[in-house]
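Residue numbers (the working numbering), protein chains in the order written: chain W, 2 to 482; chain Z, 4 to 467; chain H, 42 to 172. Don't be surprised by glycine CBs; every beta carbon is placed ideally from N, CA and C.
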């Protein structure tokens, strides 16, 4: 039932708004609304009950194992939320003067310093509001860097074919042509193809390391050398930073610019699809171009640097300073972990992934890269099951939901057919991983004995499999009742 | 270990199963020369008790202000139930609804949100949100370039009465694609675009951006502007304040045929000020442009048993399928903020939102009345307004703002940097949360400060 | 096995081309292509009067999980497009060589058709892709 179906004309939830009406007669008639907007008219209890019930129809980290590869669905500590929502932080207006904002700015400055160390970069801007915006900032800086040198032949960005879709989409937003680089059979970038592709038209390369294939790019130094030699810059997509947190710094690998997904590595909540935060870090040569605002400290006082004092900046990416509340949550998380806790993140994320990979392999599942270590994630391919049993990855994924496990990422990366990208994260314990293996074995058995059952899944959720074709052909995007 | 559940015994069992001697062995594919030398700048870990104390101290430093700043971020009352429900773990710790069957709560809520936004704006369709108002305008500009196929100019008319930060963000995001944002001045006496000053032959332009209310809080003549733009083959991009739509003509009803794309900042609908974010951007449009829209869109459909349900739809527009040809690189929306906004709109309903809007308007009217009686302060514009107004100060603003800050008052937002003609002017806002007593004490403080500055001519020491 | 009519010509990007009596060319996507894409949910066809060069993106076909550009097989001007596809994109699935046609164009060079791939060559291509 929709909230609109609980609505009755004339029901007023009085105490939530001011108690009286105010005339607006001074606003010209022609500019005033003629008919009330069709928002729901419900009581507080109806609204609370409705949305509480909706929440109960979701899988979430708090209720289910959620091994969604490349998304780092780890536990979101409660204190991060509670402390970011203290009244002093919530009520601070973004245009409050610096002398009324020292508490908030101190947190932001500390966070900048922590992220600098973690990434091994020269400077950090907290401005981008999501990973994709961080990517945009990074590639826009690469463009500005070449433009500032009048090097206008550099029109191409190289992207491995295993890359996330945001990489090519971002390059296009910055008006670059995208050139794909193939991956070799071990999951590494094809170095020979890379050598062929680079040249005076190369603006840069966008790389994720570990890659979306769940393996560490071992020849990263060589790649950096080839691209730098050709005059291009290296962009690090921090989607998989959780795998190397405290173990390897992207700056040491030779990257010139990096974005981080704080909603992954720094455990800020995914919120049903945002908000995220995508700070960027840069090497010295890109430092002047960082997006504003930046937080700076002098004589024990903090203040914001804007375009006025940073004229070469690629500019501002949000009306104010990005997703400040998300940054506060990440800050609390970073302080709770501290330097030792951060290194353990990568260690135990890697331990969990390798353990789960080995156990699934022992249980008879095929690995996409059997000869490789898992990083914080790995790929199982169900190509054999699809071919021999007619039960594909989507069927496995839907059946998992019946067993109370959120499905891993399916059909991504595009390179591996019928794939499951599995990322258990460091916050899950061994029992949960063992249970996942049991669930996979159980579904395998069902696929062999009763494939139709798996293909009809799920059965125990609020809805059964949805008709996506109908959704797209007969668009119903707003309630007309 | 923070948030890591493994006992030593379990770790050992797991390593044995893998056939590794130690956790270190699991990193053996990483070349030794790349291994980090440690995190010297990251402080040692804190206990929860310690971090609670630190954050309370810092939050306290910035607390207890009386705020008269608006300029795109507005302090409204947020009903207690909004964030109680929004921060339930099932909303808070879920992700993008890729597995629709396991995400019906989030999906249905987003569909309800889309419905509410189309009703508020009187448009056909809404997406599931973008990052914030400013970046939503940038996306609206890119969308207009895709949607207006008759126009080849990639030229967007951007009035100076649009929020300056929005204009900067739009420029930063679209200029790489050779899109030109051409400034259109406003009438300096009335603080709105003067219809009579618009050219008869504006040439090929892709779209006109119309802010309502505009950055100064004034109400533009949206009907005439919309018709003028349509008459010259342009699309109309409306940038609106969602609260104001409870009392102002929705963009779908502007002029003869309504705006084409509507965007804006969703913060007033249940998001706290929170230093500028996270907020959310909203975007609505005509049905015929839906495939040009960026961001997630939720559709209602049926399941195998014919039961209604919800799923992500029109995904072929998006980066994970279209890659370099996607409508945008955007991946997420601002799900949690939209959750809050949907609950906020449900709790207030059309009449509640109307009261929020009308009280904000009335309080601002009172603010203008009070401040206009003070010597050395004048209201700059004489146009209909929503809940903000611009004032010119005879005395130096630096001194006045510093003195107000010392009394815990955020006096407004200065305009001189973005508008040289409005040097020494402040943009001041009063929402429904500023009582008459608040406004009186603000006016009294200004009077006292002016008096003292005039008599001593010496600046007041800042609060630190 | 895909249906590959012998009287048509083909491209390596899976468009089919039919020569009409008046010398115009009708263009669509092959049975093999529609099978790869799955249930189509949206088709965008070019407007009449638009000029395309060989290899230009000239139409888009979308299924739930994929979107694909259609490339113009020859240089010329669009003289008609299949308006029915706006409401019934499934015609591409049910009748790819008939009611699922995309658009018709007048080629600049009348002999362009003869230089396109014939059915045998296309069958070979499909064969090689399937293995």
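inquiry  = Tell me which residues share the same chain as residue 112 of chain H and place their Cβ nearer than 6 Å to its Cβ, disregarding the 5 neighbours each side in the sequence.
reply    = One-based indexing of the third chain puts residue 112 of chain H at position 71. Excluding its 5 nearest sequence neighbours in each direction, residue 112 of chain H has C-beta neighbours in its own chain below 6 Å: 54, 96, listed in chain order.
query = Among the residues of its own chain, which have a CB less than 8 Å from the CB of residue 280 of chain Z, if the five just before and after it don't count?
reply = The residue given as residue 280 of chain Z occupies position 277 in the second chain. Around residue 280 of chain Z: 135.
key: For residue 167 of chain H, three-class secondary structure by DSSP   = For the purposes of this step, residue 167 of chain H is identified with residue 126 of the third chain, where counting begins at 1. In this structure, residue 167 of chain H counts as helix in the three-state DSSP scheme.
task = Would you kindly work out how many angstroms separate the C-alpha atoms of residue 133 of chain H and residue 309 of chain W, rounded to a whole number?
result = Here residue 133 of chain H refers to the residue found at position 92 of the third chain. Here residue 309 of chain W refers to the residue found at position 308 of the first chain. Taking the straight line from one Cα to the other gives about 56 Å.
task = Check the Cβ-Cβ distances between residue 465 of chain Z and every residue of chain W, and say whether any is below 7 Å.
result = Stepping through the second chain from its first residue, residue 465 of chain Z is reached at position 462. In this prediction, residue 465 of chain Z scores a pLDDT of 48, lower than 50, which makes its location untrustworthy; the coordinate-derived value is nonetheless stated afterwards. Yes, its Cβ sits closer than 7 Å to a Cβ of chain W.
ask   = What are the boundary residues of the beta strand (DSSP E) that includes residue 180 of chain W?
value = The residue given as residue 180 of chain W occupies position 179 in the first chain. Looking at the DSSP string, the run of the beta strand (DSSP E) that includes residue 180 of chain W is 178–182.
inquiry  = Between the alpha carbons of residue 278 of chain W and residue 67 of chain H, how many angstroms are there, rounded?
reply    = As a first step, residue 278 of chain W must be located in the first chain, where it is residue number 277. As a first step, residue 67 of chain H must be located in the third chain, where it is residue number 26. Roughly 50 Å separates the two Cα atoms.
inquiry  = Counting only Cβ pairs nearer than 7 Å, list the residues of chain H close to residue 131 of chain Z.
reply    = In the second chain, the residue the question calls residue 131 of chain Z occupies position 128. Within 7 Å Cβ-Cβ: nothing; residue 131 of chain Z doesn't reach chain H, min ~17 Å.
ask   = residue 237 of chain W CB to nearest chain Z CB: under 7 Å?
value = The count along the first chain starts at 1 and reaches residue 237 of chain W at position 236. By this cut-off, residue 237 of chain W is not an interface position.
query = Straight-line CA distance for residue 297 of chain W to residue 282 of chain Z?
reply = If you number the first chain from 1, residue 297 of chain W lands on position 296. If you number the second chain from 1, residue 282 of chain Z lands on position 279. Their Cα atoms are separated by approximately 24 Å.
ask   = Between residue 458 of chain W and the rest of its own chain, which residues show a CB-CB distance below 6 Å, the 5 nearest in sequence each way excluded?
value = Within the first chain, residue 458 of chain W is the residue found at index 457, counting from 1. For residue 458 of chain W, where only same-chain residues beyond five positions count, the Cβ hits under 6 Å are 399, 400, 403.
inquiry  = What would DSSP say about residue 168 of chain W, mapped onto helix, strand or coil?
reply    = Here residue 168 of chain W refers to the residue found at position 167 when the first chain is read from its first residue. The answer is helix: DSSP assigns residue 168 of chain W an H, G or I state.
inquiry  = Under 8 Å, with one C-beta from each stretch per pair, do the segment 122–141 of chain H and the segment 61–80 of chain H reach the 3-pair mark?
reply    = yes
request  = Give the residues from the segment 260–271 of chain W that approach chain Z closer than 9 Å (Cβ to any Cβ), ordered along the chain.
outcome  = 264, 268, 270, 271
request  = Count the other C-beta atoms from every protein chain shown that fall within 10 angstroms of the C-beta of residue 178 of chain W, then say buried if there are 16 or more, exposed otherwise.
outcome  = Within the first chain, residue 178 of chain W is the residue found at index 177, counting from 1. Exposed, by the Cβ-count rule.
ask   = So, helix, strand or coil for residue 454 of chain W, using DSSP?
value = As a position in the first chain, residue 454 of chain W is number 453, starting the count at 1. Three-state result, residue 454 of chain W: helix.
message = Suppose you measure from the CA of residue 354 of chain Z to the CA of residue 26 of chain W; what does that come to, to the nearest Å?
response = Sequence index remark: in the second chain, residue 354 of chain Z carries index 351 (1-based). Sequence index remark: in the first chain, residue 26 of chain W carries index 25 (1-based). Distance from the CA atom of residue 354 of chain Z to the CA atom of residue 26 of chain W, rounded to whole angstroms, is 17 Å.
task = Please decide whether residue 108 of chain H counts as near chain Z, where near means a Cβ-Cβ distance under 7 Å.
result = Working through the third chain from its first residue, we reach residue 108 of chain H at position 67. The beta carbon of residue 108 of chain H sits closer than 7 Å to some beta carbon of chain Z.
query = So does the segment 220–231 of chain Z actually touch the segment 249–269 of chain Z, counting three or more Cβ pairs closer than 8 Å?
reply = yes
request  = Could you name the residues of chain W that residue 83 of chain H contacts, counting a contact when the two beta carbons are closer than 9 Å?
outcome  = The sequence position of residue 83 of chain H within the third chain is 42, counting from 1. Under the 9 Å cutoff, chain W gives 473, 474.
key: Collapsed DSSP secondary structure at residue 237 of chain W in the structure displayed   = The residue you call residue 237 of chain W lines up with position 236 of the first chain. Strand, per DSSP.
ask   = Taking the runs of the alpha helix (DSSP H) that are 4 residues or longer, which of them lie wholly in the segment 103–167 of chain Z?
value = 107–124, 136–150
task = Name, please, each residue of chain Z whose Cβ falls closer than 7 Å to the Cβ of residue 464 of chain W.
result = Residue mapping note: residue 464 of chain W aligns to position 463 of the first chain, counting from 1. Per Cβ cutoff of 7 Å: 104, 107, 306, 310, 312.
task = Taking only the alpha-carbon atoms, compute the straight-line gap between residue 247 of chain Z and residue 83 of chain Z and give it to the nearest angstrom.
result = The residue labelled residue 247 of chain Z in the question sits at position 244 within the second chain. The residue labelled residue 83 of chain Z in the question sits at position 80 within the second chain. The straight-line gap from Cα to Cα measures roughly 22 Å.
request  = Indicate the three-state DSSP secondary structure (helix, strand or coil) for residue 60 of chain H in the structure shown.
outcome  = Residue mapping note: residue 60 of chain H aligns to position 19 of the third chain, counting from 1. Residue 60 of chain H: strand per DSSP, three-state reduction.
task = Kindly confirm or deny that the segment 68–81 of chain W and the segment 247–261 of chain W touch, where touching means at least three C-beta pairs closer than 8 Å.
result = The segment 68–81 of chain W makes no contact with the segment 247–261 of chain W: fewer than 3 CB pairs, one atom from each, lie closer than 8 Å.
Spatially closest choice to residue 259 of chain Z from W:228, W:31, W:293, W:12, by CA coordinates = Counting from 1 along the second chain, the entry for residue 259 of chain Z is found at position 256. Among W:228, W:31, W:293, W:12, the Cα nearest to that of residue 259 of chain Z is on W:31.
query = For residue 3 of chain Z, which residues of its own chain have a beta-carbon under 8 Å away from its beta-carbon, when the five flanking residues on both sides are left out?
reply = Lying outside 4 to 467, the shown extent of chain Z, residue 3 of chain Z is not represented and no answer is given.
message = Just checking: is the beta-carbon of residue 303 of chain Z within a distance shorter than 7 Å of some beta-carbon in chain H?
response = Looking up residue 303 of chain Z in the second chain gives position 300. No, residue 303 of chain Z does not count as interfacial toward chain H.
message = On the CB-based measure, 16 or more other CB atoms within 10 Å of its CB, does residue 417 of chain Z come out buried or exposed?
response = Indexing the second chain from 1 puts residue 417 of chain Z at position 414. Residue 417 of chain Z comes out buried.
request  = Please compile the residues from chain W whose C-beta is within a distance smaller than 8 Å of the C-beta of residue 420 of chain Z.
outcome  = Counting from 1 along the second chain, the entry for residue 420 of chain Z is found at position 417. Going along chain W in sequence order, the residues near residue 420 of chain Z (Cβ under 8 Å) are 309.
ask   = Are three or more beta carbon pairs between the segment 329–347 of chain Z and the segment 18–30 of chain Z nearer than 8 Å?
value = no
query = Looking only at C-alpha atoms, which of H:59, H:72, H:144 sits nearest to residue 167 of chain H?
reply = As a first step, residue 167 of chain H is located in the third chain; it is residue number 126 there, counting from the start. Of the listed residues, the one whose Cα sits closest to residue 167 of chain H is H:72.
ask   = Which parts of the segment 422–453 of chain Z are runs of the alpha helix (DSSP H), unbroken and 4 residues or longer, counting only runs that do not cross its ends?
value = When DSSP assignments are scanned along the segment 422–453 of chain Z, no uninterrupted stretch of alpha helix (DSSP H) that is 4 or more residues long falls wholly within it.
message = Quick test of the definition: if touching needs 3 or more C-beta pairs under 8 Å, does the segment 296–307 of chain Z touch the segment 78–97 of chain Z?
response = no
key: Same chain, Cβ closer than 7 Å to residue 121 of chain W, neighbours up to 5 away in sequence not counted   = Residue numbering aside, residue 121 of chain W sits at position 120 when the first chain is read from its first letter. These residues qualify, in order along the chain: 250, 251, 252, 253.
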